[in-house]
Amino acid sequence: MIHEIIQALERGRYREVELSRRKFLHISGIAGGVLLSPTFTAKLARAQLRRRIKGKPITVICAQAQDPITMDARQHTDTVTANVVDNPMFDYLIYRESEKMTLVPGLAERWELKDDRTMRFYLRKGVKFHNGKEMTAEDIAHALESMKDPEFLKVSPGKRWKSYAKAWVDNEKPMTVVDRYTVDLNMTKTYPLAEARCAGSIGMAVNKEYDLSVGYEKFGRSPIATGIFKFVEWERDVKVVQEAH
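If you're matching positions, the sequence shown starts at 6 in this note's numbering and goes up one per residue.
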């Protein structure tokens, strides 16, 4: 059913979208909207962007079970928030291919193990944040290192760092910037899930300059990242508005 909605969006058949949506809601028993999975969110984003590129922008309205906790992917481990925030507005070093769940390049065009405790990422050039600034290795390193910053922990309980990084990432120097487009992830031990953790848990991009200038609390209300959707508005318990990037 979800695939029917996506295909109709891509083809511009909006009547089919409405009929498929109603059928989906009837089958699922969800009143008033669709609970989005990360895969569905990403596919909707791609469908909307393709329509916009063709000169025919569309609006997709979806419902969630509850309000997001924050607009900052670093500040939570909540599934509902991830559906609204992480997948649409943030990108990661690595992605999981949706059908076979294999790891594929994301913000990093390639990566390699330099040794048992160092993973090197070679970043894509020309990736732009929502404010037009180019993403660099400094932004990648900052995104991870900021999760354990005492100032950051004043506005966030730090669950993402504790859950996904603390046990195996070097707490003193999580990342080392090699050059503008190369960054090393420093580990305290061999960790088989390191690549998987960089595919949706810790390997994200945050605009360092903006983050430090506005502070972590404001960033959590109005983020600047590199995802396919950019933040527009958050009216608590009412709506989150995003537009294609």
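Glycine residues also receive a C-beta, built at the ideal position from the N, C-alpha and C atoms.
Model, not experiment: these values are computed from the prediction.
Listed in chain order, the alpha helix (DSSP H) elements of length 4 or more contained wholly in the segment 175-238 are 199-202, 213-219 and 221-224. Contact between L118 and G208 fails: their C-beta atoms lie close to 15 angstroms from each other, not under 8 angstroms. Beta-bridge annotation (DSSP): R125 is paired with E117 and D189.
Following the DSSP letters along the chain, one finds K244 in no alpha helix (DSSP H) but inside the beta strand (DSSP E) bounded by residues K244 to A249. Residue state for E156 is assigned as coil, using DSSP reduced to three classes. Between the segment 152-165 and the segment 130-137 there are fewer than three C-beta pairs closer than 8 angstroms, too few to call the two in contact. Between V89 and Q69 the beta-carbon gap is near 6 angstroms, inside 8 angstroms, which marks them as a contact. Within the segment 60-103, the beta strand (DSSP E) runs of at least 3 residues that lie entirely inside it are, in chain order, 99-101. The C-beta separation of Y100 from T141 comes to about 20 angstroms, leaving the pair out of contact by the 8 angstroms criterion. Residues N191 of the same chain have their beta carbon placed closer than 8 angstroms to that of K178, with the five preceding and five following residues left out of the count.
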